[in-house]
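Engineer: Here it is: the structure, laid out below.
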Amino acid sequence: MSGWLAAPILIPLAAAALLVLVRGRRWRGILALAGAAAHCGSGLVLVAACAGGGHLVLAVGGWPAPYGIALVADLFAAIMVAVTGLLGLLVGVYALGTDDLMADAVFPPLAQVLLMGAGGAFLAGDLFNLYVWFEVLLIASFVLLTVGRRPAQLAGAVKYVAINFLASAMFLTACGLLYGKTGTLNLADLARKIPADPATGVVLTSASLLLAAFGIKAALFPFFNWLPAAYPTPPVAVSALFAGVLTKVGVYALIRLFTLVFVQDVGRTHALILVLSVATMITGVLGAAAQGGLRRILAVHIVSQIGYMTLGLGVWTPAALAAVMVYMVHNMVVKTNLFLVVGAVKRLRGTEELARLGGLWREHPGLSGLFLVSALSLAGLPPLSGFVAKFVVIRACFLAGHWLAGAVALGVGLLTLFSMVKIWLEAFWKESPDGAAAGAGPAVRPLGAPVWVPVLVLTAITVAVGLYPEPLLELAQRAGDQLMDRAGYIRAVLGE
Amino acid sequence: MLFAWLILGTFGAAAVAPWLYRRAGARAGWLLAAWPLLVVAAAVGRLVRPGCPAEAAGWDWAPTLGLRVGLYVDGLSLLMILLVAGIGALVLVYGGGYLKGDARLGRFYAQTLLFMGAMLGVSTAGDLISLFVFWELTSIASFLLIGFHHADAGTRSAARQALLVTGGGGLALLAGSLLLGLAGGSFEIVQLAGAAASIRSHGHYGAILILVVLGAATKSAQAPFHFWLPGAMAAPTPVSAYLHSATMVKAGVFLLARLAPVLGGTAEWHYLLTLLGVTTMLLGALMALGQTDLKRLLAYSTVSMLGLLVLLLGLDTTMAVEAALVILLVHSLYKGALFMVAGAVDHETGTRNVQDLGGLFRCMPVTAVAAGLAALSMSGFPPLLGYIGKELLYEAKLQAPGVGWLILGAGVLANALNVAVALTVGIRPFLGRPKRPRAPVHEAPPALLTGPVLLAVLGLVFGLMPGMLAGPVIAPAAAAVHAQATQIELKLWHGVNAVLLLSLATMAVGAGLFAMRKRVRRLGERLALTVPFTPSRIYGQLLEGLMDLAKDQTRILQHGRLRGYIFTVLAGAVAATAWGAWGYIQWTRPDRLAPVSPVAVVVGMLVVAAALAAVRAASRLGAVLALGGVGFGVSLLYMVYGAPDLAITQLLVETLTMILFVLVLRRLPRLREFSASRQRLRDGCIAAAVGITMTGLVWQALQVQLGPAISEFYARSSVPLAFGRNVVNVILVDFRALDTLGEITVLAVAALGAVYLLQRRRPPQEGPP
Amino acid sequence: MNSVILRGAARILVPLQLAGALGLLVRGHNDPGGGFIAGLVAAGAFTLLALAEGVAAAQRWLRVAPGTLTGVGLLLALGSGLPALVLGRPYLSGLWSGEWAGGVRLGTPLIFDAGVFLVVLGVGVSIVFALMEE
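Protein chains in written order, with my numbering: chain A, 0 to 495; chain B, 11 to 779; chain C, 2 to 135.
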């Protein structure tokens, strides 16, 4: 069973290498979808294998931990792999319908590399290996940002890469420091070796550096400024993939390290995470209110929602960690979907600026309805997945006595609603500013099945999770318990 | 169980409504109205059953969180169901006539039915969470319906205002529900009522009460949140009649009534609700003074009546609850009718301004009769149901403990003002001579008449035969609120007593106000001008303030300059690290320092010099060469410390990098802009801070050694287990081959990207969407 | 850059460099060297060739597109870990032949190293060619 652990890394890598070699558009399409589907499928296999609450461990190369690299899956990791694969698949379908993305030299292979990096990061049981996957993600996302090669994209991509290189440098430094202190890089081994006594100071000096590094990756306050610069410029398929996957890997790494390795001085580390999370929620939602383009609004909102996720980590109870997982799954699905809808709007109207949009509700009620469902879900309204996600996060805050954090999470929900309503009013309700000329622009092309299918699937997921959340909640609860069970992880990896 | 299916069916009807409209056209409204009538029939069937037992059912929804979908149908629910489904049926018919020919009528039906389903859900919810879910759905439906004529900017902002105010209150309700659930150990209302005593003495009781009341107050347009309701008059009139007078705005009152057995009976409850209610009642009535638009007049008087309802629940006596329930019903009847009349008048004459209306009786006699009946009921004129409501009301207030006289005085004033409103809306437009010559006005079509006539007549019938209501409808509802069976008696004639005198006085003052309406209106207008801070203005300023804050924040944090971004990120990282490391870094000499060779010192100094040179360089090439010096120096250090593989690799990489740099630099313009000295100072400071932090971290790391390094295993096992003497290579291709696999992927992607960006064979184009 | 001296030097140096690169690759498991270093040296050789004779000539010399080298190298490295799966061992487990004359063993890690070599060569060459092409 544990052999499957390598699949989410190897399958996309093989697909990527083949995509570099293969030229025909049709074959590239098939390869790209097959790679993502297999990634998702292997994720589902991992979920099934971990659903009982156990860990899967693969000692790569046959070298046992802590000497070799261990790939480890618990329920949280497995679910992240599966959701990432699903998003990769759906965005791949979407890309089929957009002009020439499948014929582009870099998009198809690099989308696979992105999946590979995410899969590796989710499954890495070794700090340096985690670093490698972050490098894979970084370089792939950097190049993906430039797909289309417009100057504005390069400006955003340069900001992205410059700031993320800083994160890499901090991460690498922290790796070196920890290795110097503990002589190991295996996460379970680190967890075991670091003494519980915070006074040794082993943890905090490296942990806070890692917090900053992953804070950049996850776009936490005050490290988020690369995100609004980068996300809105590339083709929509790229934005959608990033929105769903990229920052979440950073959040995942934070959660992994600050539940498994660095829990010796929660009063410092997790309190800091809590404070940063609250600041992130607020600055993100305020920042979004000041934007005027669809993807810019949505992108800045990602920051705010990252705050919800790390908030659960800061609270650090099984319920809170379960809540984080629910929130992540919800947000990955809904955010990707909103970007895809923006893509559809852009196709219909040739712009994504609110000032130039209008009349969509009158002319495209179906698409409008799908947007509305996702937007309301994002704002946390029932009976959609966003409500469930917000509910569990706030409930966890209240249960743990973090009243203020819970209240902020509630209030930020209202501001999210404000932004979503702004989009609705301007793009959907307002009459088109060009008069009745809607549909006359050169950019108008009918939306084909490649656009409709992913949007419908993702909308169906948010509705289904909202109406019947129990399966996800149950999985999340088990995942949360598992994350809090450090001894279980250590035992599974080191076999003691 | 039955009602669960009926609610689902309502949502189903919403789903098929647009399709039905496409097939059946104008008749769709009549067809769709059949469904709510079925709901009414079911409710009546339940009411006539002796004793009217409460029905409870529940399904596990999210057992992990202890959440169930609870259905709880008692007398209070049935009263609401009757209103929601009954008036809903009439509104579906009415809307078909009102919006006839509008292409979006199908959407109107769908959204109205969506609202109806949600409102039925609120009425029958057995637990707080399901109640909240439906509660928010009604807000969404209301938002869509208010924005029906969304081409108009004012309409859009009114819809947004309603959604934000009620949505904000919804959040308070959610927080309150969560706290209540935590305090009471369950979200189910029946169980909470069982634990009422412990909840009332719980430390969170005050917070729970305030949060729940906030939710109710926003929904039921209590001061100071009332302002969204007049704004919501931008909705088509059938929507105003249905949501914004008869049903949705009652949801807050319903919530309070529903939770009275849980939260009521305390001094906090009493004073909070009484104060809220009195303020709202007076404010609504006074604000109605200056209005000339039929719908706004009705809206403000609705605010006033909603205040009255909250006040009565706050009084918390049996009589007061009874009065509240009767008024809840009677208000829905006459206000629904008057709104529909206003719509019909607007539809036929094209105006809703009372000053432009007159003498319509001759052209619209049926409408006029309905309007008159409704207006008289609203004025509390016998033998209409409104009269009974007012009698009960005064009786309740006379009985009320504490500040009864003050409340009574306010009540008489508010009621008198409402009488004036009733006469202005329901009587005035139909009497006198027609104003302004205009195209001949016709009687409204049947679709527009059915609703108002039926509602007005019901007010009369129930007034004459109050027994039809008292036993079957009001008693079970009152029992639900007070959690005990009550004997209810509704009578037209109580004999000559204080209550009767108060009623007469109210009507007299009301008629007097109506007679002086021009002067009163001017007074009202002047009054409105003197108030400096109206809540709606505060709402506007809040929105503006929010936008300003958002813009300021964006200017500070998201200014678009990379240099500033890097500064922020580094400063944040240094601060975070300092927070974590504070007190742990010891600047003492670690024992693990290996002896430093003189060669290393010299090379190290060269590296530092090269780094300084890179900073000072005045050209790109100079900087690159200096950086190359740093790289070569580092590879020398590797050599000194016995790592030939690393040294070779580093040398080769540096060489190749230099070649690439030179190739790239050919294409770049010369450096022209150098940063200002202030910027340099800032950058220097942050650079120094980063350097000091890193040094401290390394220094600290040297002082800790927690176990043997895994590298010892590599050195030991390389030859016997991995068959290679070059440990570095064995690590790369065997021990940690997966890392290498990742890194060569990085290289491959970098090359792919470089080639991609360098080949500009295609002209740059607008990115594919 | 098209000097006669450079071309002359390239004639001599390029074959030497390539031979050296192969040597580094082969001996890398036991002595300083390995796929990464060998790849860099080989890429250096083609850089020199491109400088001396032009990109087109260097490309002819290379015969295949640099991107193909990279892709094949990745697949080779990736594939070198797969045979272990057939034997039921974890991915990337080294499989080795018995000891031959002179203590030489062949094993899948060497194939992996060859993959690294190809990738590094392909990457270096493709960037240099792209930069020099215009």
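Backbone N, C-alpha and C fix where the C-beta goes; we use that ideal spot for every residue, glycine too.
Would you report the Cα separation of Leu133(B) and Glu358(B), rounded to the nearest angstrom?
Structural biologist: As a working note, residue 133(B) is residue 123 in the second sequence. As a working note, residue 358(B) is residue 348 in the second sequence. Note that residue 133(B) corresponds to Ser in the displayed sequence, not to Leu. Their Cα atoms are separated by approximately 35 Å.
Engineer: Please list the terminal residues of the continuous beta strand (DSSP E) segment that includes Asp480(A).
Structural biologist: For this step, residue 480(A) is matched to residue 481 along the first sequence. From DSSP, Asp480(A) is part of no beta strand (DSSP E) but of the alpha helix (DSSP H) over 469 to 483.
Engineer: For chain B, find out if any of its Cβ atoms is closer than 9 Å to the Cβ of Glu430(A); answer yes or no.
Structural biologist: Walking along the first sequence from the start, residue 430(A) turns up at place 431. It does; some Cβ of chain B falls within 9 Å.
Engineer: From Leu122(C), Gly89(C), Pro110(C), pick the residue whose C-alpha is nearest to that of Ser98(C); which is it?
Structural biologist: Start at 1 with the first residue of the third sequence, and residue 98(C) comes out as number 97. Considering only alpha carbons, the answer is Pro110(C).
Engineer: Using the three-state DSSP reduction, which class does Ala436(A) fall into: helix, strand or coil?
Structural biologist: Taking the first residue of the first sequence as position 1, residue 436(A) is located at position 437. Bear in mind that a pLDDT of 49 at Ala436(A), under 50, signals an unreliable position, so the number given afterwards is only what the model happens to contain. Correct three-state label for Ala436(A): helix.
Engineer: Does Tyr252(B) pass the burial test, meaning 16 or more other C-beta atoms within 10 Å, or should it be called exposed?
Structural biologist: Translated into positions along the second sequence, residue 252(B) becomes position 242. By the neighbour-count rule (16 or more Cβ atoms within 10 Å), Tyr252(B) is buried.
Engineer: Pull out every residue of the region 253 to 271 of chain A whose Cβ sits closer than 9 Å to any Cβ of chain B, in chain order.
Structural biologist: The region 253 to 271 of chain A vs chain B, Cβ under 9 Å: Asp264, Arg267, Thr268, Leu271.
Engineer: With a 10 Å radius around its C-beta and 16 neighbouring C-beta atoms as the bar for buried, classify Ser314(B) as buried or exposed.
Structural biologist: Numbered from 1 along the second sequence, position 304 holds the residue referred to as residue 314(B). Per the 10 Å Cβ criterion, buried.
Engineer: Counting C-beta neighbours from all protein chains within 10 Å, is the total for Tyr651(B) 16 or more, i.e. buried, or is it exposed?
Structural biologist: In the second sequence, the residue the question calls residue 651(B) occupies position 641. Exposed: under 16 other Cβ atoms inside 10 Å.
Engineer: Using 8 Å as the Cβ pair cut-off and three pairs as the minimum, do the region 357 to 374 of chain A and the region 301 to 308 of chain A touch?
Structural biologist: They do not touch, by the three-pair rule.
Engineer: Which residues of the region 17 to 46 of chain A have a Cβ closer than 8 Å to any Cβ of chain C? Give them in chain order.
Structural biologist: Cβ contacts with chain C: Leu17, Val19, Leu20.
Engineer: Quick one: which chain A residues come within Cβ less than 9 Å of Gly414(B)?
Structural biologist: Position 404 of the second sequence holds residue 414(B). The contacting residues do not exist; Gly414(B) stays about 37 Å from chain A at best.
Engineer: For the region 8 to 33 of chain C, which residues have a CB atom closer than 8 Å to at least one CB atom of chain B, in sequence order?
Structural biologist: So the close ones are Gly29, His30, Asn31, Asp32, Pro33.
Engineer: The beta strand (DSSP E) with Asp264(A) in it runs from where to where?
Structural biologist: Numbered from its first residue, the first sequence carries residue 264(A) at position 265. That residue, Asp264(A), is in no beta strand (DSSP E); it is neither H nor E in DSSP.
Engineer: Between which two residues does the alpha helix (DSSP H) carrying Ala650(B) extend?
Structural biologist: The residue labelled residue 650(B) in the question sits at position 640 within the second sequence. Before going on, a small fix: residue 650(B) reads as Val here, not Ala. Here the alpha helix (DSSP H) through Val650(B) covers 630 to 650.
Engineer: Give the secondary structure of Leu441(B) by DSSP, where H, G and I count as helix, E and B as strand, and everything else as coil.
Structural biologist: Within the second sequence, residue 441(B) is the residue found at index 431, counting from 1. Coil, per DSSP.
Engineer: Using a C-beta to C-beta distance shorter than 9 Å, which residues of chain A count as neighbours of Pro84(C)?
Structural biologist: One-based indexing of the third sequence puts residue 84(C) at position 83. Result: empty, since nearest Cβ-Cβ is about 13 Å, beyond 9 Å.
Engineer: Could you tell me which of Ile489(A), Thr415(A), Trp423(A) sits nearest to Leu556(B), measuring between CA atoms?
Structural biologist: On the second sequence, residue 556(B) is found 546 positions in, with the first residue counted as 1. It is Thr415(A).
Engineer: Do you know how far the Cα of Leu4(A) is from the Cα of Gly40(A)?
Structural biologist: As a first step, residue 40(A) is located in the first sequence; it is residue number 41 there, counting from the start. As a first step, residue 4(A) is located in the first sequence; it is residue number 5 there, counting from the start. When rounded, the distance between both Cα atoms is 12 Å.
Engineer: At a CB-CB cut-off below 8 Å, which residues of chain C make contact with Ala117(A)?
Structural biologist: Stepping through the first sequence from its first residue, residue 117(A) is reached at position 118. Result: empty, since nearest Cβ-Cβ is about 18 Å, beyond 8 Å.
Engineer: Would you list the residues sitting across from Asp303(B) in a DSSP beta bridge?
Structural biologist: Position 293 of the second sequence, counting from 1, holds the residue named residue 303(B). DSSP output for Asp303(B) lists Asn363(B) as bridge partner(s).
Engineer: Quick one: grab the DSSP three-state call for Asp196(A).
Structural biologist: Within the first sequence, numbered from 1, the residue matching residue 196(A) stands at position 197. Asp196(A) falls in the coil class under three-state DSSP.
Engineer: Does the Cβ of Ala385(B) have 16 or more other Cβ atoms within 10 Å, making it buried, or fewer, making it exposed?
Structural biologist: Within the second sequence, the letter at position 375 stands for residue 385(B). Buried, by the Cβ-count rule.
Engineer: Do you know how far the Cα of Arg56(B) is from the Cα of Ala14(B)?
Structural biologist: Taking the first residue of the second sequence as 1, we reach residue 14(B) at position 4. Taking the first residue of the second sequence as 1, we reach residue 56(B) at position 46. About 14 Å.
Engineer: Looking at C-alpha atoms only, which residue of Leu130(B), Ala636(B), Gln232(B) is the closest neighbour of Leu316(B)?
Structural biologist: The count along the second sequence starts at 1 and reaches residue 316(B) at position 306. Here the closest residue by C-alpha is Gln232(B).
Engineer: Name the chain C residues whose beta carbon is nearer than 8 Å to that of Asp70(B)?
Structural biologist: Within the second sequence, residue 70(B) is the residue found at index 60, counting from 1. Simply none; closest approach about 43 Å.
Engineer: Just the C-alpha distance for Ala94(A) and Ile138(A), rounded to the nearest angstrom, thanks.
Structural biologist: As a first step, residue 94(A) must be located in the first sequence, where it is residue number 95. As a first step, residue 138(A) must be located in the first sequence, where it is residue number 139. Computed Cα separation, rounded: 21 Å.
Engineer: Just list the residues that DSSP pairs Asp125(A) with in beta bridges.
Structural biologist: The residue labelled residue 125(A) in the question sits at position 126 within the first sequence. Paired residue(s): Asn185(A).
Engineer: Using 9 Å as the threshold, is the C-beta distance between Val90(A) and Pro382(A) below it?
Structural biologist: To locate residue 90(A), count along the first sequence from 1; it is residue 91. To locate residue 382(A), count along the first sequence from 1; it is residue 383. Not a contact, by the Cβ cut-off of 9 Å.
Engineer: Among all the DSSP beta bridges, which residues are the ones paired with Glu65(B)?
Structural biologist: Indexing the second sequence from 1 puts residue 65(B) at position 55. Glu65(B) is bridged to Val83(B).
Engineer: Taking DSSP as the reference, what is the three-state secondary structure of Asp601(B)?
Structural biologist: Your numbering for residue 601(B) matches position 591 in the second sequence. Coil.
Engineer: What do you reckon, are the CB atoms on Arg166(B) and Leu424(A) nearer than 9 Å?
Structural biologist: If you number the second sequence from 1, residue 166(B) lands on position 156. If you number the first sequence from 1, residue 424(A) lands on position 425. Contact flag set, yes.
Engineer: For the alpha helix (DSSP H) containing Val129(C), list its first residue and its last residue.
Structural biologist: Taking the first residue of the third sequence as 1, we reach residue 129(C) at position 128. From DSSP, the alpha helix (DSSP H) with Val129(C) extends over 109 to 133.
Engineer: Going by beta-carbon coordinates alone, are Ile754(B) and Val120(C) separated by less than 9 Å?
Structural biologist: Reading the second sequence from its first residue, position 744 is the one you call residue 754(B). Reading the third sequence from its first residue, position 119 is the one you call residue 120(C). In contact: Ile754(B) and Val120(C) (Cβ atoms closer than 9 Å).
Engineer: Is the CB-CB distance between Met169(A) and Ala581(B) below 9 Å?
Structural biologist: Numbered from its first residue, the first sequence carries residue 169(A) at position 170. Numbered from its first residue, the second sequence carries residue 581(B) at position 571. No; because the gap between Cβ atoms is not below 9 Å, this pair is not in contact.
Engineer: Would you mind telling me which residues of chain B sit closer than 8 Å to Val42(C), beta carbon to beta carbon, in chain order?
Structural biologist: The count along the third sequence starts at 1 and reaches residue 42(C) at position 41. In chain order: Leu662.
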